[in-house]
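Participant: Below: one structure in structure tokens.
Numbering (my numbering), first residue to last: 3 to 134.
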């Protein structure tokens, strides 16, 4: 018997089309992850919301993970919760980065150097939207 999340996950494209706006693509995620992995930024906490699930999950943003686990179209073992394994970037509804004020200023500067992102800043947490 399939887990209900497996069924939802198989409908990614259909779910993605239900959003009004799409702000990210594979190359933008790769640029973001490369820039973060090459920086010396201190990110206290990172969370992610997937399009097919209501659970807010951890996304592991340490330097070891970056070196081995993100690719051109997907990431491996970077997102917590069930199911474990591979996630395509198009499955990410939003990504949050939490840090102190000084680091957040540096994070925003880094993002601006990469390109345009749909973001929201709330109490030391920067949310980057994949979909809205």
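Glycine included, every Cβ here is placed at the ideal spot set by N, Cα and C.
Predicted model only: the values in this text are computed from it and were never measured.
(1) At the level of alpha carbons, what is the spacing between residue 126 and residue 15?
(2) Does the pairing of the region 36-46 with the region 101-114 give three or more beta-carbon distances under 8 Å?
(3) To the nearest angstrom, how far is it from the Cα of residue 80 to the Cα of residue 93?
(4) May I ask you to report which of helix, strand or coil DSSP gives residue 81?
(5) Here's a check: name, in chain order, each residue in its chain whose Cβ is nearer than 6 Å to the Cβ of residue 98, leaving out the five neighbours to either side.
(6) Rounded to a whole number of angstroms, what is the C-alpha to C-alpha distance between residue 18 and residue 72?
(7) In angstroms, rounded to a whole number, what distance separates the CA positions of residue 62 and residue 121?
(8) Residue 30 lies in the alpha helix (DSSP H); which residues open and close that run?
(9) I'd like the span of the alpha helix (DSSP H) that includes residue 112, first residue to last.
(10) Report the partner residues of residue 99 according to the DSSP bridge assignment.
(11) I'd like the list of long-range same chain contacts for residue 57, defined as Cβ closer than 6 Å, with 5 residues on each side in sequence excluded.
Facilitator: Quick answer:
(1) Taking the straight line from one Cα to the other gives about 32 Å.
(2) The region 36-46 vs the region 101-114: in contact.
(3) Going from the Cα of residue 80 to the Cα of residue 93 covers about 13 Å.
(4) In this structure, residue 81 counts as strand in the three-state DSSP scheme.
(5) Cβ within range, chain order: 49, 127 and 129.
(6) Taking the straight line from one Cα to the other gives about 21 Å.
(7) Near 20 Å, if we compare the C-alpha coordinates of residue 121 and residue 62.
(8) Where residue 30 is concerned, the enclosing alpha helix (DSSP H) starts and stops at 28-40.
(9) Unbroken alpha helix (DSSP H) run through residue 112: 103-116.
(10) According to DSSP, residue 99 bridges with 48 and 128.
(11) So the list reads 83, once near-sequence residues are dropped.
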